[in-house]
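Using the working numbering, the letters of the sequence shown correspond one by one to residues 4 to 48. To start, the structure under review is shown below, and the notes come after it.
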Amino acid sequence: MTRFIHDQFAKDYLEELLSSLGEVKSARVVRGEVREIDVWFSPQI
């Protein structure tokens with residue numbers, strides 16, 4: 004969910020920055036919640 008242009012920029016920036024360290028998904032729906040998170044990061048072990 005992008006409300007402002009800087010929101011999309013921040014999502015793209017974080018996705019590019021964190022992709023080498025783990026899995027990054029943008030606009031992920033959280034199960035059991037009615038809300039949606041903008042960026043989900045799961046580090047590689």
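Using N, Cα and C, we set each Cβ at its ideal position, and we do this for glycine too.
List the whole-angstrom C-beta distance separating D41 from S29, where the pair is believed to meet the contact cut-off of C-beta under 8 Å.
What you label residue 41 is simply residue 38 of the sequence shown in a count that begins at 1. What you label residue 29 is simply residue 26 of the sequence shown in a count that begins at 1. Between S29 and D41 the Cβ distance is about 7 Å, and since that is below 8 Å, they are a contact.
Hey, how far is the Cα of M12 from the Cα of R34?
Along the sequence shown, read from residue 1 onward, the residue named residue 12 stands at position 9. Along the sequence shown, read from residue 1 onward, the residue named residue 34 stands at position 31. This sequence places Phe at residue 12; Met is not what is there. Their backbone Cα atoms lie some 25 Å apart in a straight line.
Assign F12 to one of three DSSP states: helix, strand, or coil.
Taking the first residue of the sequence shown as 1, we reach residue 12 at position 9. Three-state result, F12: helix.
For the beta strand (DSSP E) that F49 lies in, which residues bound it at each end?
Residue 49 is absent from the structure shown; the chain starts at 4 and stops at 48.
If you check the beta carbons only, do S45 and E19 fall under 8 Å apart?
The sequence position of residue 45 within the sequence shown is 42, counting from 1. The sequence position of residue 19 within the sequence shown is 16, counting from 1. Taking 8 Å as the Cβ cut-off, S45 and E19 do not qualify as a contacting pair.
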